[in-house]
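Below is one structure, written out as structure tokens, with a few remarks after it.
Residue numbers (the working numbering): 35 to 147.
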């Protein structure tokens with residue numbers, strides 16, 4: 035495997051961001067993490083580079099992978115020969131939304147007249 039440069043635009047707490055981190059750690063790939071929540075300038079940079087506002091975004095050797103899950107990142111890395119497929123499981127889901135993006139439980143609201 036040749037030298038790879040990875041910049042990951044992630045949220046500190048998010049299912050999809052956790053999935054991306056898990057894949058990068060699984061394959062022991064060094065990466066620069068840019069926190070788009072606590073550093074608005076990184077979010078602006080991500081939007082300029084990716085052309086859209088959704089995260090995570092991962093830049094691999096200058097190629098931007100926009101709005102990508104850990105599952106999709108792993109497939110891309112294998113397809114482009116950056117890593118060889120490893121079936122070891124990781125300890126977090128690779129394709130799960132942020133907790134605030136889960137659909138709400140059905141609520142019954144009663145109006146009392």
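Note that the Cβ used here is the ideal one computed from N, Cα and C, for glycine as well.
Residue j and residue i - do their beta-carbons sit closer together than 8 angstroms?
i	j	result
residue 38	residue 104	no
residue 56	residue 125	yes
residue 99	residue 91	yes
residue 84	residue 45	no
Put residue i into one of helix, strand or coil per three-state DSSP.
i	result
residue 140	Residue confidence for residue 140 is low, a pLDDT of 43 falling below 50, so the modelled location carries little weight; the figure read from the coordinates is stated next. The answer is coil: DSSP assigns residue 140 none of H, G, I, E or B.
residue 130	coil
residue 58	helix
Considering only C-alpha positions, which residue in the set the options is nearest to residue i?
i	options	result
residue 64	101, 48, 40, 122	40
Just to confirm the assignment, what range does the alpha helix (DSSP H) spanning residue i have?
i	result
residue 42	Per DSSP, residue 42 belongs to no alpha helix (DSSP H); it is in the beta strand (DSSP E), 40 to 44.
Measure how close the beta-carbons of residue i and residue j come, nearest whole angstrom, since I'm counting them as under 8 angstroms.
i	j	result
residue 68	residue 122	Their Cβ separation, rounded to whole angstroms, is 27 angstroms, which puts residue 68 and residue 122 out of contact at 8 angstroms.
residue 130	residue 49	3 angstroms
If you follow the beta strand (DSSP E) that residue i is part of, which residue opens it and which one closes it?
i	result
residue 99	97 to 99
residue 112	That residue, residue 112, is in no beta strand (DSSP E); its alpha helix (DSSP H) goes 104 to 113.
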